[in-house]
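**Student:** Protein chains in written order, with this note's numbering: chain A, 1 to 244; chain B, 1001 to 1631.
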Amino acid sequence: MRVRARYAKDGRLRFVSAIDLGRVWERALRKADLPIGYSEGFTPHPKVSFPDALALGYASTGEYVELTFAVPVDVQRVVTAFNGAAPDGLRILEAAEVIDGAPRIARWLRASLWELRYPSGDTGGLDNGVRALAHAEHLPVDRERKGIATRLDLKAALHQIASNENAVRVILHHTEPPFRPTEVHQSLGTTGGLEALDQPRLVIRVAQGSAEANGLREALSGQLLSVAPNDHTAATSQADLRIP
Amino acid sequence: MSDSTTPQSVWPRLEPLLDGVRKPARYVGGEDNIVVKDHADTDSRWLLVYPDAYEIGQPNQGIQILYEVLNERSRTVAERAFAPWPDMEDLMREHDIPLFSLENHLPLRSFDVVGFSLAAEVGYTNMLNCLDLGGLALRAEDRTDEDPLVIIGGHAAFNPEPLAPFVDVAVAGDGEEFVQELDDLVARTRRADGALSRRALLTQVAQIDGAYVPRFYEPRYTADGRLAGTFPRRSGVAYRVPKRTVSDLDQWPYPRKQLVPLTETVHERYAVEIFRGCTRGCRFCQAGMITRPVRERSKETVKRMVADGVANTGLNEVGLLSLSSADHSEILGMCGELADTYEGTATSLSLPSTRVDAFNVELADELVRNGRRTGLTFAPEAGTERMRRVINKMVTEADMLRTAETAFANGWRHIKLYFMIGLPTERDEDVIAIAELGLKVLAVGREYGRKNKVTVSVGGFVPKPHTPFQWCAQDRPEQLHRKLGLIKSRVASDRNLNLRYHDPEPGLIEGLLARGDQRVADAIEGAFRRGARFDGWNEHYDHASWLAACRDAHIDIDWFCHRERGEDEVMAWDHIDSGLERDWLWQDLQDAVRERPLDDCRWIPCYDCGVCPGLDLAHQTKHLPLYAGQS
């Protein structure tokens, strides 16, 4: 039986790499005594798969996992037992059984809603910067890889952007190559004219799903999330995200 | 000891820096089974430090055990710290962040006791770096009453002299009981509002069995620079400080709730010691000498610890640890019953295998059952039977080949062989025989599979304190390079024989630190000041800095390392009583030179090494002696 879950990664755990996090998942499942399925062969691996990886340092309430159990399980029991066994900073927020034949979860992960939280204090002008980004025709961002500098256009990925006093929320399409929220910050400095803007204190992936006219439709629940920072629907409430 | 103002966590200042360092998970804590206590509710606060990178230090058994023993005391808190990687050290110094604990991210100075676990000498410069990053003066005499007590333990503490000026207390042997006795004293002192001066406190510490307080002792030297002795400066301290030994391992079933790392470490397994001590009598082996007598943990306790340990951690590997695990009197039943329990599950069992015999292969087979047979490791240690008689590693070539045959026949595909070069009385033929033996084992392997492999791993021998070889000259790096060349030229042509070896240079400094006296402290400090860190890591080891530091400190490495010592020479560690009689060690060296082996005293009559009567203990094992009349 397959279960698909959206989970949070935050607190100290945001400094744990995607590879390490896989091991943390496997141990928590074993510790919770959940009947996870194993692959065949000499070195059986637990059937835990992740559609994508979150970069080191980001917090998230929008990570996804697919678990294959050896026997039928009660989904709510899985959530309770797992959350009881997992270390602080890792917990399942929502889970559902996967119907046979359902498309892979990756298919529903077309865009991410990010939140960049800036240190409180003088961040005056975030609104202007965000407006500038929203209206710009191009958002050139510079990258260097193996000594080769390239210039990409962030505008191709930018779906919607909004802000309040010290947070910016942005919906980025999953493009190839993907854009990073730090490049939104970079654009705020260049195109947005906010050269003196401090690095964000915290970057959070709020959710993943598909970009729509009014926001992002979260992949697992189908809930529509607005890009506006003060719009705290159930899926993105502060209670979901325990940042120390 | 530290004052009672509320210490401030460094976390808010540390967190923004974590984006800029490699492997930030090393510094965040948050592991499963971590114990986080509010210091306001405690009477004593310990910081346990393993002075190497997190991924090396985190799995350390000593730290894990003492962490639990101390934290089980309701009014005591123990936290952990590790040596920061150089990228983090740079940022810490730039941002004025002191060495911190992983639990509450509190600065080193907010603890009452800072305990360093020293498994090996290569951690010494990291230890000084940790003190320095913690904001402490390096030398104990320069520290104040408000500073934490600095204490060292672990195998390297059996010769504490090179570190003596930097520490307040050294303790040799098992820590479980000692830390509780010291903790009682520290808590009592703090409850009395820290009214004791450092000196008065240490006077009381010195009364604890096993505590060596260097400032109460004084080394004296003869006119020609030899040590005349290490003498008490005052009455009321032990002339020789005994090691600590716990007697019933079943009463100390730790770790129960082993800390589970969030990031990859060198050993990701639930580890249970199935016994402590070893009486195989390998003459080069410091661990086997200083941990006597043998104390077995019962099969029932081991099984219970494994069941709880796996349930409490979610780990899927179990290691049954000891110095020679196949020697446990109940090992076959233990392995069989554990294998029954975990057969068909994702949990795998392992036994560090060093004994060269078919029984060891049988045990490995039993543990793996139908699982994958990858590599088995054996330690014949030397290439010829003559050399093995010298070091008392009683394995014949026929034993080795038969063991290899059994292993390959049972489906094992890779055999690793551990050897040493630079052993006392060694001749070129002994060295070449290492290559020959590797090739013979490979020839056996080929009969069972074209792709079967043999790895020959060669290390340079470093004479260690409290062993029969403590009097012996260590080979120079040039000699070791030449001997490695003899092996290389013999095995270079074979693709399925993999030769691994260590650079000889770090071994030279290891030897200096192992057998050095208090004068060597200046060289350690000098090397640290010159930037020496992570001396056990090839990419960091800086031989030139060490040589320069030795020169500055007027330390003659030749004299410490490459000189044959006389029977009567006073050793820097003679005042640390490991229980072994010096006369017996000397006699065992004479037997070594005459190529006379000595059997294991678990099954022959006692040969009076001195440990059991001194501790008023006997071996705790269910082995039956082969001869009647064993005490």
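Ideal Cβ positions, reconstructed from N, Cα and C, are used throughout, including at glycine. All figures in this text were calculated on a predicted structure; none of them were measured in a lab.
On a CA-only basis, which of A/Met1, A/Ala53 and A/Arg110 is nearest A/Lys9? Give me that one, please.
**Tutor:** Ranking the options by Cα distance to A/Lys9, first place goes to A/Ala53.
**Student:** Name the chain B residues that come within less than 7 Å of A/Thr30, Cβ to Cβ?
**Tutor:** A small correction: the amino acid at residue 30 of chain A is Arg; Thr does not occupy that position in the sequence shown. The contacting residues are Gly1314 and Asn1316.
**Student:** For the alpha helix (DSSP H) holding B/Thr1189, just list the boundary residues, first then last.
**Tutor:** B/Thr1189 -> alpha helix (DSSP H) spans Glu1176 to Arg1191.
**Student:** Report the option in A/Glu115, A/Thr43 and A/Thr190 whose CA atom is closest to the CA atom of B/Asn1370.
**Tutor:** If we check each option's Cα against that of B/Asn1370, A/Thr43 comes out closest.
**Student:** Which one or two residues does DSSP pair with B/Glu1426 in a beta bridge?
**Tutor:** Its beta-bridge partners do not exist; DSSP assigns none.
**Student:** Please classify A/Arg4: does DSSP put it in a helix, a strand, or coil?
**Tutor:** It is a strand residue.
**Student:** For the segment 1340-1353 of chain B, enumerate the residues whose C-beta is nearer than 7 Å to any C-beta of chain A, in chain order.
**Tutor:** So the close ones are Ala1346.
**Student:** Show which residues of chain B have a CB atom less than 7 Å away from the CB atom of A/Asp88.
**Tutor:** Neighbours of A/Asp88 on chain B, chain order: Gly1030.
**Student:** Three or more C-beta pairs under 8 Å: does that hold for the segment 1250-1266 of chain B against the segment 1313-1328 of chain B?
**Tutor:** Verdict: yes, contact present.
**Student:** Could you check what DSSP says for B/Val1611 in three-state terms: helix, strand or coil?
**Tutor:** DSSP places B/Val1611 in helix when its eight states are reduced to three.
**Student:** Measuring straight from C-alpha to C-alpha, what distance separates A/Arg4 and B/Asp1038?
**Tutor:** Straight-line Cα distance between these residues: approximately 38 Å.
**Student:** Where do the N-terminal and C-terminal ends of the alpha helix (DSSP H) with A/His159 fall, by residue?
**Tutor:** Careful: A/His159 lies outside any alpha helix (DSSP H), inside the beta strand (DSSP E) at Leu158 to Ser163.
**Student:** Three or more C-beta pairs closer than 8 Å, one from the segment 1498-1506 of chain B and one from the segment 1476-1485 of chain B: is that the case here?
**Tutor:** Yes, the segment 1498-1506 of chain B is in contact with the segment 1476-1485 of chain B.
**Student:** Going by C-alpha to C-alpha distance, which of B/Pro1160, B/Gly1236, B/Gln1058 and B/Asp1041 sits closest to B/Gly1029?
**Tutor:** Checking every option, the nearest Cα to that of B/Gly1029 belongs to B/Gln1058.
**Student:** DSSP has B/Ala1416 in a bridge; who is on the other side?
**Tutor:** Contrary to the premise, residue 1416 of chain B reads as Lys rather than Ala in this sequence. B/Thr1377 and B/Thr1455, per the DSSP bridge assignment.
**Student:** Does any C-beta atom of chain B lie closer than 8 Å to the C-beta of A/Ala81?
**Tutor:** Not closer than 8 Å to any Cβ of chain B, the Cβ of A/Ala81 fails to qualify, so no.
**Student:** So B/His1328 and B/Ile1274 are supposed to be a Cβ contact under 8 Å. How far apart are they, rounded?
**Tutor:** About 5 Å; that satisfies the 8 Å criterion.
**Student:** With 8 Å as the threshold, decide whether the Cβ of B/Val1266 is near any Cβ in chain A.
**Tutor:** By this cut-off, B/Val1266 is not an interface position.
**Student:** What is the rounded straight-line gap between the Cα of B/Ile1063 and the Cα of A/Leu220?
**Tutor:** Answer to the nearest angstrom: the Cα atoms are 43 Å apart.
**Student:** Pairs of beta-carbons, one from the segment 24-38 of chain A and one from the segment 66-74 of chain A, closer than 8 Å: are there three or more?
**Tutor:** As far as the Cβ criterion goes, the segment 24-38 of chain A touches the segment 66-74 of chain A, which means the pair count is three or higher.
**Student:** Pull up the CB-CB distance for B/Leu1138 and B/Glu1525, whole angstroms please, since I reckon it's below 8 Å.
**Tutor:** With 8 Å as the limit, B/Leu1138 and B/Glu1525 qualify as a contact, their Cβ atoms being about 6 Å apart.
**Student:** So B/Ala1206 and B/Val1237 are supposed to be a Cβ contact under 8 Å. How far apart are they, rounded?
**Tutor:** About 5 Å; that satisfies the 8 Å criterion.
**Student:** Give me the Cβ distance between B/Gln1620 and B/Arg1292, rounded to the nearest whole Å; I'm assuming they're in contact under 8 Å.
**Tutor:** That pair is no contact at about 12 Å.
**Student:** What's the C-alpha gap between B/Thr1006 and A/Arg91?
**Tutor:** Roughly 32 Å between the two C-alpha positions.
**Student:** Helix, strand or coil for B/Tyr1050, going by three-state DSSP, please let me know.
**Tutor:** Here B/Tyr1050 sits in strand by DSSP.
**Student:** Please report how far the alpha carbon of A/Leu188 lies from the alpha carbon of A/Gly62, in whole angstroms.
**Tutor:** C-alpha separation (whole angstroms): 24 Å.
**Student:** Is it right to say B/Leu1484 is buried, meaning 16 or more other beta carbons lie within 10 angstroms of its own, or is it exposed?
**Tutor:** B/Leu1484 is buried by the Cβ-count criterion.
**Student:** Within the 8 Å Cβ cut-off, does A/Val130 reach chain B?
**Tutor:** Closer than 8 Å: no.
**Student:** Give me whichever residues DSSP pairs with B/Glu1317 in a beta bridge.
**Tutor:** B/Ser1348, per the DSSP bridge assignment.
**Student:** So within the segment 1136-1178 of chain B, which uninterrupted beta strand (DSSP E) runs reach at least 3 residues, ignoring any that extend past its ends?
**Tutor:** Those beta strand (DSSP E) runs which fall completely within the segment 1136-1178 of chain B and span 3+ residues are 1149-1153 and 1169-1171.
**Student:** Just the Cα atoms here: how many angstroms apart are A/Trp25 and B/Glu1343?
**Tutor:** Going by the C-alpha atoms only, they are around 23 Å apart.
**Student:** Taking only the alpha-carbon atoms, compute the straight-line gap between B/Thr1384 and B/Asp1399 and give it to the nearest angstrom.
**Tutor:** Each residue's Cα considered, the two are about 12 Å apart.
**Student:** Suppose you measure from the CA of B/Glu1068 to the CA of B/Glu1177; what does that come to, to the nearest Å?
**Tutor:** Answer to the nearest angstrom: the Cα atoms are 12 Å apart.
**Student:** Between which two residues does the alpha helix (DSSP H) harbouring B/Gln1479 extend?
**Tutor:** Start and end: Pro1477 to Val1491.
**Student:** Could you tell me whether the Cβ atoms of B/Ala1120 and B/Leu1099 are closer together than 8 Å?
**Tutor:** Against a cut-off of 8 Å, the Cβ pair of B/Leu1099 and B/Ala1120 comes out as no contact.
**Student:** Give me the chain B residues within the contact set of A/Thr191, using Cβ-Cβ distance strictly less than 9 Å, ordered along the chain.
**Tutor:** Correct list: empty, because the minimum Cβ distance to chain B is about 23 Å.
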